[in-house]
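Engineer: In my numbering, the protein residues as written are 544 to 621.
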């Protein structure tokens, strides 16, 4: 019985990690564009706000921001 519980726990942890997505942001001068999907450095968003709009609460998503100056007002949702 313990083995079945461990299998379900492993599958739950694996599925939770599978739902998490990394989004990428870099300045327009470095090739970022809000028209891109933001799923890699090659298709990075240009603004932090555009990347934040893609994130669903509680899914473990991450936004990775390249070094640079971002002139925007960022509002964090709770």
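Idealized CB from N, CA, C, for every residue including glycine.
Quick one, which of 589, 577 and 580 has its alpha-carbon nearest residue 610's?
Structural biologist: Selected option, being the one with the closest Cα: 589.
Engineer: If I measure Cβ to Cβ from residue 568 and keep anything under 8 Å in the same chain, skipping five residues before and after, which residues do I get?
Structural biologist: These residues qualify, in order along the chain: 575, 581, 587, 588, 589, 590, 591, 593, 594, 606, 607, 608, 609 and 613.
Engineer: I'd like the span of the beta strand (DSSP E) that includes residue 605, first residue to last.
Structural biologist: 605-608 is the span of the beta strand (DSSP E), which, as asked, contains residue 605.
Engineer: Report the residue from 562, 584 and 563 whose alpha carbon sits nearest the alpha carbon of residue 571.
Structural biologist: Nearest of 562, 584 and 563 to residue 571, Cα basis: 584.
Engineer: Pick from 564, 604, 578 and 596: whose alpha carbon is nearest that of residue 617?
Structural biologist: Comparing Cα-Cα distances from residue 617 to each of 564, 604, 578 and 596, the minimum goes to 596.
Engineer: Would residue 604 and residue 563 be called neighbours here (beta carbons separated by less than 8 Å)?
Structural biologist: Yes, these two residues count as a Cβ contact at 8 Å.
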